[in-house]
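Chains as they are written, first to last, in the numbering used here: chain B, 231 to 683; chain U, 231 to 683. Even glycine gets a Cβ: it sits at the ideal position worked out from N, Cα and C. A short worksheet on the structure shown next.
Protein chains: 2
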Amino acid sequence: MESIHQSAVEIQAPAAESEFPSAEEAASTAGQSQSGLHCLHGHVYALRRFGSLLFIVLRSRKGLEQIVVDKPELLVLAESLSCETAIRVRGNLMPKPGEQEVSELHACEIELLSTPNSALPVEISREKRMQSLSLNALMEYRPLTLRNEKVRAIFKIEAEFCRAFREFLCGQEFTEIHSPKIVSTGTEGGASLFSIDYFEKKAYLAQSPQFYKQMMVAVYERVFEIGPVYRAEEHNTARHLNEYISMDFEMGFIESEAELMAMQTRLLKHMFVAVEENCAKELALFSAKVPKFEKIPQLKLAEAVEILARKLGWKGEGNDLDPEGERLLFEYIKAETGSELVYLTHYPWKTRPFYAMPEKGSQASHSFDLLYKGLEITTGGQRIHRLEELEKAIFERGMPLESFGDYLQCFRYGMPPHGGLAIGLERIAKQLLDLKNVRQAALFPRDRTRISP
Amino acid sequence: MESIHQSAVEIQAPAAESEFPSAEEAASTAGQSQSGLHCLHGHVYALRRFGSLLFIVLRSRKGLEQIVVDKPELLVLAESLSCETAIRVRGNLMPKPGEQEVSELHACEIELLSTPNSALPVEISREKRMQSLSLNALMEYRPLTLRNEKVRAIFKIEAEFCRAFREFLCGQEFTEIHSPKIVSTGTEGGASLFSIDYFEKKAYLAQSPQFYKQMMVAVYERVFEIGPVYRAEEHNTARHLNEYISMDFEMGFIESEAELMAMQTRLLKHMFVAVEENCAKELALFSAKVPKFEKIPQLKLAEAVEILARKLGWKGEGNDLDPEGERLLFEYIKAETGSELVYLTHYPWKTRPFYAMPEKGSQASHSFDLLYKGLEITTGGQRIHRLEELEKAIFERGMPLESFGDYLQCFRYGMPPHGGLAIGLERIAKQLLDLKNVRQAALFPRDRTRISP
Numbered sequence: 231m232e233s234i235h236q237s238a239v240e241i242q243a244p245a246a247e248s249e250f251p252s253a254e255e256a257a258s259t260a261g262q263s264q265s266g267l268h269c270l271h272g273h274v275y276a277l278r279r280f281g282s283l284l285f286i287v288l289r290s291r292k293g294l295e296q297i298v299v300d301k302p303e304l305l306v307l308a309e310s311l312s313c314e315t316a317i318r319v320r321g322n323l324m325p326k327p328g329e330q331e332v333s334e335l336h337a338c339e340i341e342l343l344s345t346p347n348s349a350l351p352v353e354i355s356r357e358k359r360m361q362s363l364s365l366n367a368l369m370e371y372r373p374l375t376l377r378n379e380k381v382r383a384i385f386k387i388e389a390e391f392c393r394a395f396r397e398f399l400c401g402q403e404f405t406e407i408h409s410p411k412i413v414s415t416g417t418e419g420g421a422s423l424f425s426i427d428y429f430e431k432k433a434y435l436a437q438s439p440q441f442y443k444q445m446m447v448a449v450y451e452r453v454f455e456i457g458p459v460y461r462a463e464e465h466n467t468a469r470h471l472n473e474y475i476s477m478d479f480e481m482g483f484i485e486s487e488a489e490l491m492a493m494q495t496r497l498l499k500h501m502f503v504a505v506e507e508n509c510a511k512e513l514a515l516f517s518a519k520v521p522k523f524e525k526i527p528q529l530k531l532a533e534a535v536e537i538l539a540r541k542l543g544w545k546g547e548g549n550d551l552d553p554e555g556e557r558l559l560f561e562y563i564k565a566e567t568g569s570e571l572v573y574l575t576h577y578p579w580k581t582r583p584f585y586a587m588p589e590k591g592s593q594a595s596h597s598f599d600l601l602y603k604g605l606e607i608t609t610g611g612q613r614i615h616r617l618e619e620l621e622k623a624i625f626e627r628g629m630p631l632e633s634f635g636d637y638l639q640c641f642r643y644g645m646p647p648h649g650g651l652a653i654g655l656e657r658i659a660k661q662l663l664d665l666k667n668v669r670q671a672a673l674f675p676r677d678r679t680r681i682s683p
Numbered sequence: 231m232e233s234i235h236q237s238a239v240e241i242q243a244p245a246a247e248s249e250f251p252s253a254e255e256a257a258s259t260a261g262q263s264q265s266g267l268h269c270l271h272g273h274v275y276a277l278r279r280f281g282s283l284l285f286i287v288l289r290s291r292k293g294l295e296q297i298v299v300d301k302p303e304l305l306v307l308a309e310s311l312s313c314e315t316a317i318r319v320r321g322n323l324m325p326k327p328g329e330q331e332v333s334e335l336h337a338c339e340i341e342l343l344s345t346p347n348s349a350l351p352v353e354i355s356r357e358k359r360m361q362s363l364s365l366n367a368l369m370e371y372r373p374l375t376l377r378n379e380k381v382r383a384i385f386k387i388e389a390e391f392c393r394a395f396r397e398f399l400c401g402q403e404f405t406e407i408h409s410p411k412i413v414s415t416g417t418e419g420g421a422s423l424f425s426i427d428y429f430e431k432k433a434y435l436a437q438s439p440q441f442y443k444q445m446m447v448a449v450y451e452r453v454f455e456i457g458p459v460y461r462a463e464e465h466n467t468a469r470h471l472n473e474y475i476s477m478d479f480e481m482g483f484i485e486s487e488a489e490l491m492a493m494q495t496r497l498l499k500h501m502f503v504a505v506e507e508n509c510a511k512e513l514a515l516f517s518a519k520v521p522k523f524e525k526i527p528q529l530k531l532a533e534a535v536e537i538l539a540r541k542l543g544w545k546g547e548g549n550d551l552d553p554e555g556e557r558l559l560f561e562y563i564k565a566e567t568g569s570e571l572v573y574l575t576h577y578p579w580k581t582r583p584f585y586a587m588p589e590k591g592s593q594a595s596h597s598f599d600l601l602y603k604g605l606e607i608t609t610g611g612q613r614i615h616r617l618e619e620l621e622k623a624i625f626e627r628g629m630p631l632e633s634f635g636d637y638l639q640c641f642r643y644g645m646p647p648h649g650g651l652a653i654g655l656e657r658i659a660k661q662l663l664d665l666k667n668v669r670q671a672a673l674f675p676r677d678r679t680r681i682s683p
């Protein structure tokens, strides 16, 4: 156990005297650990008593840590600590009985930095109480419930997914971009858009970085973005959010959508391995296991529909799967191949956005979804890259060409064959951890009725 | 020079036969390089003729690369290539005359993937033409002008700033978060907010992740976020955007704002070194040099104002610097210390947001700005962490307490001393590269009048 406090403020060598003291000099004496004592700080998560000993379970940036209070003069103070009090503890590091190489801090001083003003409305360190909370209470008290060990773990895992996503794609020579979220037109021609009062104009929140990432393919060939996207959809289900984090990539000079799927398979493998290696504690809290794969099975949508109807008694419609169809298919694929993931390909062009590349001589498109435990986590595909074909597609959908002027501009000047995909961050986390509701995987979810906290 | 094409599609070992072919199998034959020939793809950036040779300057994901066309039967085709045509070239790698260890592709086949439909309205590969473009033209044709070598370099550098920002902070045990951009209230009580029609409700675009990153300090102690922020400000200057990328961090258990400044100094050093090492070509295009420092000088705002008035003949007002004051101060600090960066500290509390920590016994606050070449790129400071003080501050500003209910909730349950800062991505890039206008550092800028492309 190192002294967190010392590592937080690295002491710099003193500089030559100067008219302007540097920030480092000013900081160099702040927060220095006192002579020989180690220092920990954090929030009191729980207290545990064993005979004459008291243990403080402290939540720090490292997670939960345990502090031993065995000095009689500190026991009264320690026992009176209410949960969530912010404290700084100085003491001695001593080996933990029975566990070699592990040391514990034995407190000599406890400094109270900030005490709660009210009793906690939710006992966040008691898992049973947390489990019995309604989704509404979980969200109402979000600034507090996020401090629970398991809830906190969800977003630790999401941070690791993001880190690994970027790491893999940078390794494949993708460039990160930041596209605007304020846009003048929708990617689908106007449906499901939130409108903004933008000075004298009407603007909208971007449904996806789609048009911009495509434009950027001509600049960098391979681009990615992790950012918020907005869907003004009325549905209020366990799998939908009105604002969510989309992990997008787009790449040029592909021959078909198969390259996109192959790239994603390696990307997801990298992301899952990273979470397994770096979030083992967090996964264990959910008894969750990352999927292991070298390949992901794939099926044409029509084949999936046929299997569902013929073998599994599914009663749904033919152009897409409903949640029940997705669930049945997941169980079937899992039983047949062992895989929790499956690519569905060859979606009908009519059910996909206009920019999807149609398959020659069929009604299908070069697009796909990826289902993970029966939930779509990715949509992707090859895009139309020739101006005339794109204009024709917009015309066929009955949309006005002039709405897409900026987008079409790009195609006027040479666009390579390209495609890409988008992974929903909250959805992949929900599925990995078997969360009941995607809202649990959003830090501060925005849904049909909720815009706070 | 490696075969880009082969590396793009890694060929997987064939799997055992299965009912469901994997995406990798489907991809394994796509785009295979033909027998022995190397393959490059990209856009034709420029053509150069030397005697009987023609060179194609190709823009690929690696940047600009040169292809030699020396086969007479290819010359006619190659000479007819218009700029921005997307091509795939197969050929032989041969050593470049006079340069050991460098090889060039000598074309055997040129495949046209997509040709421009119109003549380019801007000759993007001619720097003089680009320089003479108005800002308006640069932005009107953004999908095209971004393909220019220098413009492209700006966002390569920004991507590296972001990568290095995250790398450094992850190393300091910060956790990445994604806070909502749709909010129910502003961080400053309602001014400068874009409003959104959110179903039956009125919502706003977040001016900063301020409240959320503070709430997350109680969860992870140290958090960061890179994301868009929104300012509905009327000013239309060379340094303002209405949507920009904010690089935020917030950390708990600090003793003073000096720790924030010390952390940022090390962070910026890491970011500048990363850009110097990984974007040498891009920097060279601008003859730009990253600042080198171990420390950054700091001045109280009042001291800066006094120096400006007494020594530099500045005529501005006392509570903040105007652009002229910032410029004069930059020149002075540069001359006195050699530093292009300077911290200004002790801003009057009244000119800062209500949550800034006031200094005891003075009118000042524990807050600071960082100026880089005379432009504010960072604002930060310690925050009030006690509920009563925060309520008092809101009251003193004449703002309604009930607007801040969700934010205050967090402070009811124990908040440690904390603080943080935000760096403007476009501004730091603008200053590094000496761009005239911050719009040049935004991929698709949003300003007083522009919401497209």
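Let me see if you follow: with CB-CB separation under 8 Å, is residue 421 of chain B close to chain U or not? Against the first sequence, residue 421 of chain B aligns to sequence position 191. At a cut-off of 8 Å between beta carbons, residue 421 of chain B makes no contact with chain U.
Quick one: give me the first and last residue of the beta strand (DSSP E) that residue 322 of chain U is part of. Within the second sequence, the letter at position 92 stands for residue 322 of chain U. Note, residue 322 of chain U: beta strand (DSSP E), 316 to 326.
Where residue 501 of chain U falls, given that 16 or more other Cβ within 10 Å makes a residue buried: If you number the second sequence from 1, residue 501 of chain U lands on position 271. Under the 10 Å beta carbon count, residue 501 of chain U is surrounded by 16 or more other beta carbons and is classified as buried.
List, in order along the chain, the chain U residues whose C-beta lies closer than 8 Å to that of residue 473 of chain B? Counting from 1 along the first sequence, the entry for residue 473 of chain B is found at position 243. Within chain U, the residues near residue 473 of chain B are 410, 411, 412.
With DSSP collapsed to three states, give me the class of residue 666 of chain B. Within the first sequence, the letter at position 436 stands for residue 666 of chain B. Three-state DSSP puts residue 666 of chain B in coil, outside helix and strand.
Please confirm if residue 508 of chain U has its CB atom under 8 Å from at least one CB of chain B. In the second sequence, counting from the first residue as 1, residue 508 of chain U sits at position 278. Cβ-Cβ to chain B under 8 Å: no for residue 508 of chain U.
Under a Cβ-count criterion, where at least 16 other Cβ atoms within 10 Å of its own Cβ denotes burial, should residue 552 of chain B be classed as buried or exposed? As a first step, residue 552 of chain B is located in the first sequence; it is residue number 322 there, counting from the start. Classification of residue 552 of chain B: exposed, given that the 10 Å Cβ count is below 16.
Quick one: what does DSSP say residue 311 of chain U is sitting in, helix, strand or coil? Position 81 of the second sequence, counting from 1, holds the residue named residue 311 of chain U. Coil, per DSSP.
Decide if residue 355 of chain B is buried, meaning its Cβ has at least 16 other Cβ atoms within 10 Å, or exposed. Mapped onto the first sequence, residue 355 of chain B falls at position 125. Residue environment for residue 355 of chain B: buried (at least 16 other C-beta atoms within 10 angstroms of its C-beta).
Backbone CA spacing between residue 593 of chain B and residue 580 of chain B [nearest angstrom]: On the first sequence, position 363 is the one that residue 593 of chain B refers to. On the first sequence, position 350 is the one that residue 580 of chain B refers to. Taking the CA atoms as reference points, residue 593 of chain B sits about 8 Å from residue 580 of chain B.
Which bits of chain B does residue 347 of chain U rub up against, with CB to CB less than 7 Å? Position 117 of the second sequence holds residue 347 of chain U. Among the residues of chain B, those whose CB is under 7 Å from the CB of residue 347 of chain U are 617, 642, following chain order.
Rounded to whole angstroms, what's the CA-CA distance from residue 658 of chain B to residue 397 of chain U? Just pull it up for me. Working through the first sequence from its first residue, we reach residue 658 of chain B at position 428. Working through the second sequence from its first residue, we reach residue 397 of chain U at position 167. Just so you know, the alpha carbons of residue 658 of chain B and residue 397 of chain U end up roughly 23 Å apart.
Considering only residues of the same chain and omitting the five flanking positions on each side of residue 238 of chain B, which have a CB-CB separation below 6 Å? As a first step, residue 238 of chain B must be located in the first sequence, where it is residue number 8. With a pLDDT of only 29 at residue 238 of chain B, under the threshold of 50, the placement of this residue in the model should not be trusted; the figure read from the coordinates follows. For residue 238 of chain B, same chain residues with a beta-carbon under 6 Å away, outside a window of 5 residues either side, do not exist.
If we define contact as Cβ-Cβ less than 8 Å, is residue 392 of chain B a contact residue for chain U? If you number the first sequence from 1, residue 392 of chain B lands on position 162. Put simply, the CB of residue 392 of chain B is near chain U, with a gap under 8 Å to one of its CB atoms.
Below 8 Å, how does it come out for the stretch 376 to 389 of chain B and the stretch 650 to 670 of chain B: are there three or more Cβ pairs, yes or no? A contact is defined here as three or more CB-CB pairs under 8 Å, and the stretch 376 to 389 of chain B meets this definition with respect to the stretch 650 to 670 of chain B.
C-alpha gap between residue 473 of chain U and residue 674 of chain U, whole angstroms: The sequence position of residue 473 of chain U within the second sequence is 243, counting from 1. The sequence position of residue 674 of chain U within the second sequence is 444, counting from 1. Take the alpha-carbon of residue 473 of chain U and the one of residue 674 of chain U: they are about 10 Å apart.
Name, going along the chain, the residues of the stretch 633 to 666 of chain U whose beta-carbon falls closer than 7 Å to a beta-carbon of chain B. Per Cβ criterion, the list reads 636, 639, 640, 642, 643, 644, 645, 646, 647.
Could you list which residues in chain B have their beta carbon closer than 8 Å to that of residue 407 of chain U, in chain order? Position 177 of the second sequence, counted from the start, is the residue given in the question as residue 407 of chain U. Within 8 Å Cβ-Cβ: 385, 389, 673.
Compare the C-beta of residue 268 of chain U with all C-beta atoms of chain B and state if any pair is closer than 8 Å. Stepping through the second sequence from its first residue, residue 268 of chain U is reached at position 38. By this cut-off, residue 268 of chain U is not an interface position.
Sheet register partners of residue 529 of chain U (DSSP bridge): As a first step, residue 529 of chain U must be located in the second sequence, where it is residue number 299. Looking at the DSSP assignment, residue 529 of chain U forms a beta bridge with U:574.
Using a Cβ-Cβ distance under 8 Å, would residue 435 of chain B count as near chain U? In the first sequence, the residue the question calls residue 435 of chain B occupies position 205. The beta carbon of residue 435 of chain B sits closer than 8 Å to some beta carbon of chain U.
Exposed unless 16 or more other CB atoms sit within 10 angstroms - verdict on residue 627 of chain B: Counting from one through the first sequence, the residue named residue 627 of chain B turns up at place 397. Answer is exposed; the Cβ neighbour count stays below 16.
List the residues of chain U whose Cβ lies closer than 8 Å to the Cβ of residue 403 of chain B, in chain order. Taking the first residue of the first sequence as position 1, residue 403 of chain B is located at position 173. Correct list: 291, 292.
Taking only beta-carbon positions, decide if residue 682 of chain B is within less than 8 Å of chain U. Position 452 of the first sequence, counted from the first residue, corresponds to residue 682 of chain B. Yes, residue 682 of chain B counts as interfacial toward chain U.
Strand pairing of residue 269 of chain B, partner residues [DSSP]: As a working mapping, residue 269 of chain B is identified with position 39 in the first sequence. Answer is B:320.
Assign residue 545 of chain U to one of three DSSP states: helix, strand, or coil. What you label residue 545 of chain U is simply residue 315 of the second sequence in a count that begins at 1. Coil at residue 545 of chain U, not helix or strand.
Residue 286 of chain B at chain U interface by Cβ criterion, 8 Å: By 1-based counting over the first sequence, the position of residue 286 of chain B is 56. Residue 286 of chain B does not count as touching chain U.
Near residue 683 of chain B, what residues of its chain come up, given a Cβ to Cβ distance below 7 Å and the 5 sequence neighbours on each side ignored? Working through the first sequence from its first residue, we reach residue 683 of chain B at position 453. Taken in chain order, the residues that qualify are 372, 373, 674.
Would you kindly work out how many angstroms separate the C-alpha atoms of residue 297 of chain B and residue 332 of chain B, rounded to a whole number? Taking the first residue of the first sequence as position 1, residue 297 of chain B is located at position 67. Taking the first residue of the first sequence as position 1, residue 332 of chain B is located at position 102. Straight across, the Cα-Cα distance linking residue 297 of chain B with residue 332 of chain B is about 12 Å.
Cα-Cα, which of B:284, B:664, B:338, B:378 is closest to residue 357 of chain B? In the first sequence, residue 357 of chain B corresponds to position 127, counting from 1. Each of B:284, B:664, B:338, B:378 was checked against the Cα of residue 357 of chain B, and the nearest Cα belongs to B:378.
Taking the alpha-carbon of residue 421 of chain B as reference, which of B:546, B:430, B:564, B:435 has the nearest alpha-carbon? Taking the first residue of the first sequence as 1, we reach residue 421 of chain B at position 191. Considering only B:546, B:430, B:564, B:435, the residue with the shortest C-alpha distance to residue 421 of chain B is B:435.
Please list, in chain order, the chain U residues whose beta carbon lies closer than 8 Å to that of residue 628 of chain B. Looking up residue 628 of chain B in the first sequence gives position 398. Ordered by position in chain U, no residue passes the 8 Å Cβ test against residue 628 of chain B, which lies about 22 Å from the chain.
Below 8 Å between beta carbons: does that hold for residue 463 of chain B and residue 482 of chain B? In the first sequence, residue 463 of chain B corresponds to position 233, counting from 1. In the first sequence, residue 482 of chain B corresponds to position 252, counting from 1. No, Cβ-Cβ distance for residue 463 of chain B and residue 482 of chain B is not below 8 Å.
Chain U partners of residue 445 of chain B, CB-CB under 7 Å? Along the first sequence, one-based indexing puts residue 445 of chain B at 215. Result: 373.
Strictly by DSSP, which residues pair up with residue 479 of chain B? On the first sequence, position 249 is the one that residue 479 of chain B refers to. DSSP lists B:454, B:651 as partners of residue 479 of chain B.
Does the beta-carbon of residue 608 of chain U have 16 or more other beta-carbons within 10 angstroms, so that it is buried, or is it exposed? Numbered from 1 along the second sequence, position 378 holds the residue referred to as residue 608 of chain U. Buried.
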